[in-house]
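Here is the structure we will look at.
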Amino acid sequence: MSVALAAARLHGPHIDWGGLSPILALLGGAVVVLLVGLAPRREVRRLVASGLALVAFAAALGCTIWQWDASKSIVSGALRVDDLALAVNLILVSAGAATVLLSWRARASGEAGHGEFYALVLTSTAGMSVLVAAQNTVSLFLGIELLSIPLYVLCATELHRSPSLESGLKYLVIGSVGSATLLYGLAMIYGATGSTDFDAIASAIASGGLASDPLLLTGIALVVVGLAFKSSVAPFHQWTPDVYEGAPTPITTFMAVATKAAALGIFLRFFDVALVSAQVSWAPALAALATISIVVGNVGALGQSSLKRLLAYSAVAQAGYLLAGVVVSTRAGARATVFYLAVYLLMNLAAFAVVVARERETGLGDDIAAVEGLGASRPWLAWPMTIAMLSLAGIPATAGFVGKLFLIQASADGGYTWLGVVIVVGSMVSLAYYLRVVAAMWMRPGPSLGATEAASPYPAIAGGSPEADPDAIGTSTPAAPPAGDGGPGAGAREGFQPEVVGLALAAGAATVFFGIVPSPLVDLARAAGNSLLGLF
Amino acid sequence: MTATTFGWLVLLFPLAGTVVLGLGWRSLPGRSAGWIGTAAIAASFACAVVCLAALQSHHPGARQLTSTLWDYAVTVGVDARLSILVDPLAVMMILVVSGISALIHLYSVSYLWSDRGYARFFSYLNFFVFSMLLLVLAGNFLVLIIGWAFVGAASYLLISFWYRRTTATRAGIKAFVINVVGDVGLVLGTYFILKHTGTLDFVKTFNAVPHVFARDDGDLVAGCVLLLVGAFAKSAQIPLHTWLPDAMEGPTPVSALIHAATMVTAGVYLIARLHPLFERAPAAADVGAVIGCLTLVVAATIALAQTDVKRVIAYSTMSQIGYMIMGVSVGAYAAGLFHLMTHAFFKALLFMAAGSLIGAMAGEQSLNRMGGFRRAMPFTYAAFVVGGLALSGVPPFSGFFSKDEILLVTGERGGWHWILYVAGYAGALLTAVYTFRLIFRAFHGEPVKEATELEHGHLAHADHPFNPATGEEEDTDVGFPGPEHHIAERDPPMRLAMGVLAVGALVAGLVQIPKVDFVIDHFLHPSFADSALYEVRTKNGLLAVGLIVGTALGLAGVAIAYRIWVTRPGTAAAIQARLTFVHRLLVNKWYFDELLDLLFVRPGAWMGRFAQQTFERVVVNEALVGGTTGLVRAGSAAVRAAQSGFVRYYAGVLVIGIAAVSLYFLLQS
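Written out as structure tokens, the structure is:
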């Protein structure tokens, strides 16, 4: 018996623990955090769960760095660990860790239960890691679902605020349509090529003359739609403003940066590895989608007064910019996309962190009025926001400028000069709304105190005490925790939030730093681009 | 540590000083801001000295060291790196810039003490030094352009330092606009060269030039002439010189540092640095030589008739830079740079002495109101005389050796260069005359009220502060000069700075005595090893003639000035009455301001009005702007209208999108 067991163990598949380690760290972290959610005391749950989540992200970050320069297929060829996957993983894990920091005082994590909340963030990040490493269509779909389902829930974690619930439901319904579309597309590609592995699909297309096969092309069309949906590329973007606005702001941050990075990562891998031989068929379509996205995103953002909606439309436009690097399917394009993803992480973190801080400070929600007069009253918040806005618009000496420069150069070198022109025109239009935020911060007086006192961002739903924790609702003791104990006290507006301000400052500083010294990120992006072996 | 490490340190200290002073100005008590600024530049100078020592330890053939801090954007066709080039030329420039700057910072510690913008002043001044060092250490065109533009910005900030004086702000704007014209020239010129060589790096460009460009290649000449536009704007050469006299609105240390010793010599440095280009395009180099010569004569004549102390010295600066530009354009690189160095000493000294004199006059700058300060201000007088003799080229003062050498090389080029040679000596005579006119009028003759009071230990103090240019009354709050005045006789830091410079003006010429030693020639040789025109001067040729004529003209000039303004005080008025037209021409600076106004400003303004009233209103506002914003607004409304909030609509749009994309792909099959 024991001999048989030993033999079975000996003949078991080889498991590359190192390659899997980032995903294992995230999923293991999720399990532990979920268990901590059972701890009896609320403060313990809050501190330990978020702390352990941070530890898990740090471990995943360490594992990713440990695996750097690897180039191997693991899990029977289902996943590929190479510099592209690892570079995007760095972005994802940083975004996850930042989300934990931003959620630390958020109502959402309290209402949903700290253990569950952070476990869902970790799981979703693990799904993204699977997605960017996916090397066959099955793991691709698995990754998409693993990242999406926790996000549907996370959007709805502010249980007592109807917009949050609405956004979760909307995302679920529309997201299911998107996932289904993607699945159909993958099935059709399998039908046409007889394979799920990316390399096998590529060789089937190249050798079998399938480039004009209707089945394959329909499949590609549906995959394009499915992935465009996940990366909020117009015209499949319509869920974005509503969901971004309704979701708890830390989760919006997570969706904006991490989901986008994961979706663009798989865009790069699927189109530049599996479908690279059919580039002439799909590139014009992607270029058209990028153009539509740039136009719709930038034009749509113009009239917005909600910062989160504004950033949502901006995300649509930026997705268009990012697609330009995929369209050309060259190493320079992949490099530009990865570089811009890293930059995109920094500038969005800076912007969203300021939105989070002001939401809690003013009671004006995410309205643009919340940042009025910020330059005079809170310069340490106004600067990161200003830098983020200028960088998103692509002003020189910020990382956004360098990123756009690479994208435009890649499009021009790849024969899509007109797309570069579209990016420039889009950036020009975008200044109109980015500068509006900057102007509001530096050139308007702050909101009057009366208005601040009057409006509360969270109208309590019937019966629901603003005090989030079910334990507190259940007990009838009037001895609510004093406002000074640092907990996410009820209507009490947070004054000092060092982790949020610190995050905003760090991200803003990094945005400027990489605008002046882009070389570290360029090296990262170059390694990622070079790992796509089929490209030039 | 290598020479380049010290090159970076040379840059670091002034930058750190700027940041510290700019951010910490609130919490810097007393004169600490001044001392911090001075210490930063002194540290930079010390690093420059070590850099020199480190460089000299290399073999002469390997004294061009490049160092890159990081790559900014390196792709096909562009290699934008943050790199510096440390070679003898750059090291000589950083020594001059940081050394003179350190002394001027020291002088300013006292001179600007009562000013409300004390820390701001030193922050700007450190920023200027950083920019200038960046300019001269630049290892490629990109960094050169950055330094070039920064220097222009620093100059603007410092000219307009007293920002509540309209004359100062107007002068700042004028300087900035003309400097930007130069910047545009520099950038376009760089483009002409980059287009052919494909690299921004200096050393690579120089290596590529002989292979890429034919002699007097059209694009190269065009590029070099555009670079010259940049050089002329920064170095105040005709016709882009009109900003320099106005720039004297800035505080006197600024005039000494930026508008005499360092920034205005950037054009000279540029031509010397890019000599392989100019030697390949002799047509462009000739333009430089002629303009330099023209400037040196015209500016010297204007200086004869000006009555504002600082403006006289400003025109003298223009004239001396004319010599340098002419020198480096005809191939007298070592001589031109030697003159740059000696000029930095004696011109900074003259400006500092002028500052002291103006302090004694309680802010008054007109020569007409000065006189007889000789006994009241012996130190300032001595400084003025040393500086004046050096400027006039009287042996053994430094200006004598350097000016003569430029003219010597020019004469030896032969051909039409003889005209430049003769004009140069004519300019030398004029230089001696206007310099000593200034000294005799201010220090000799009947003592004015301020001078007699000062002899009794009483420093003049204006009852009501006023603008010396317009006579308008002003206060002494921030944005205006402070209430106190400072003279070298009473402030040790000022005296120390002027003393060091006076020694420099006296002995700096000795490093390069004809037929005795050739320190500068040998030192700079590695930078000009590829030059066909560069040679260590050992020939006799015109040497003896030049030395004798130079000495004679210098002394003659002093004698003429003595005769006109000391022994027979009425002579000047008589000459003026005889030659009314010439006098008016000179007082009005050859009407260059009016000419530029007529040629550029007015047509520009007229076109602007036309464009605004007809073109913009009809075409731009109505059609372009109205049309575009209307379009964008309609688009925005459409996008928002589509954003109904209903999931069923979203799903509908999604399905339509799927259909459209699928249709496209099916059409491909």
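Same order as they appear, the protein sequences are chains A and B.
Residue numbers for the first sequence follow the numbering used here, so the first one is 8 and each next one is one higher.
Residue numbers for the second sequence follow the numbering used here, so the first one is 3 and each next one is one higher.
Yeah, the Cβ is synthetic: ideal placement off N, Cα and C, and Gly gets one too.
Check	Outcome
Residue 116 of chain A: first and last residue of the uninterrupted beta strand (DSSP E) it sits in	Run containing residue 116 of chain A: none in the beta strand (DSSP E); it sits in the alpha helix (DSSP H), 114-119.
Cβ-based neighbour list, residue 645 of chain B, same chain, cut-off 7 angstroms, excluding 5 preceding and 5 following	none
Any C-beta of chain B under 8 angstroms from that of residue 33 of chain A	no
DSSP-derived helix/strand/coil call for residue 142 of chain B	strand
Residue 20 of chain A in three-state terms, based on DSSP	coil
Residue 148 of chain A vs residue 190 of chain A beta-carbon contact at 8 angstroms	yes
Any chain A beta carbon closer than 8 angstroms to residue 637 of chain B	yes
Contact set between the segment 164-189 of chain A and chain B, restricted to residues whose Cβ is under 7 angstroms from the partner	177, 180, 181, 184 and 188
8 angstroms Cβ cutoff, residue 647 of chain B in contact with chain A	yes
Proximal residues of chain B, C-beta to C-beta of residue 309 of chain A below 8 angstroms	634, 635 and 638
Among B:92, B:559, B:635 and B:391, nearest to residue 344 of chain B - alpha-carbon criterion	B:391
Cross-chain neighbours of residue 72 of chain B in chain A, by beta carbon under 7 angstroms	524 and 526
Coil, strand or helix - residue 87 of chain A by DSSP	strand
Chain-ordered chain B contacts of residue 231 of chain A [CB-CB under 7 angstroms]	663
Assumed close pair residue 139 of chain A, residue 106 of chain A - CB separation to whole angstroms, cut-off 8 angstroms	Going by Cβ atoms, the distance from residue 139 of chain A to residue 106 of chain A rounds to 17 angstroms, so no, they are not a contact pair.
Min CB distance residue 427 of chain B to chain A below 8 angstroms	no
Boundaries (first-last residue) of the beta strand (DSSP E) holding residue 79 of chain A	79-81
Same chain, Cβ closer than 7 angstroms to residue 277 of chain B, neighbours up to 5 away in sequence not counted	335, 530 and 533
Exposed unless 16 or more other CB atoms sit within 10 angstroms - verdict on residue 543 of chain A	exposed
Simplified DSSP assignment, three categories, for residue 84 of chain B	strand
Proximal residues to residue 332 of chain A (C-beta, below 6 angstroms), its chain only, five neighbours per side dropped	340, 343, 344, 414 and 417
Bridge partners - residue 260 of chain A, DSSP secondary structure assignment	Note: residue 260 of chain A sits in no beta bridge, so no partner.
Burial state of residue 142 of chain B (16 or more Cβ within 10 Å)	buried
Start-to-end residues for the alpha helix (DSSP H) that takes in residue 588 of chain B	582-589
Validate contact between the segment 648-660 of chain B and the segment 197-208 of chain A using beta carbons, cut 8 angstroms, 3 pairs	no
Interface residues of chain B facing residue 393 of chain A [CB-CB closer than 9 angstroms]	Here the premise fails: no neighbours, minimum Cβ distance about 18 angstroms.
Of the residues A:82, A:405, A:121 and A:99, the one placed nearest residue 46 of chain A, counting alpha carbons only	A:121
Cβ-based burial, residue 654 of chain B [other Cβ within 10 Å; buried from 16]	exposed
Interface partners of residue 228 of chain A on chain B, CB under 8 angstroms	660, 663, 664, 666, 667 and 668
Cβ-based neighbour list, residue 281 of chain B, same chain, cut-off 8 angstroms, excluding 5 preceding and 5 following	287, 333, 533, 534 and 535
Sequence ranges, alpha helix (DSSP H) only - wholly within the segment 477-520 of chain B, length at least 4	494-509
Close beta carbons around residue 190 of chain B, own chain, < 6 angstroms, minus the five adjacent residues each side	228
Residue burial classification, residue 370 of chain B (beta-carbon count within 10 angstroms, cutoff 16)	exposed
Beta carbon proximity, residue 288 of chain A to chain B, threshold 8 angstroms	yes
Proximity of residue 113 of chain B and residue 254 of chain B at Cβ, strictly below 8 angstroms	yes
Any C-beta of chain B under 8 angstroms from that of residue 142 of chain A	no
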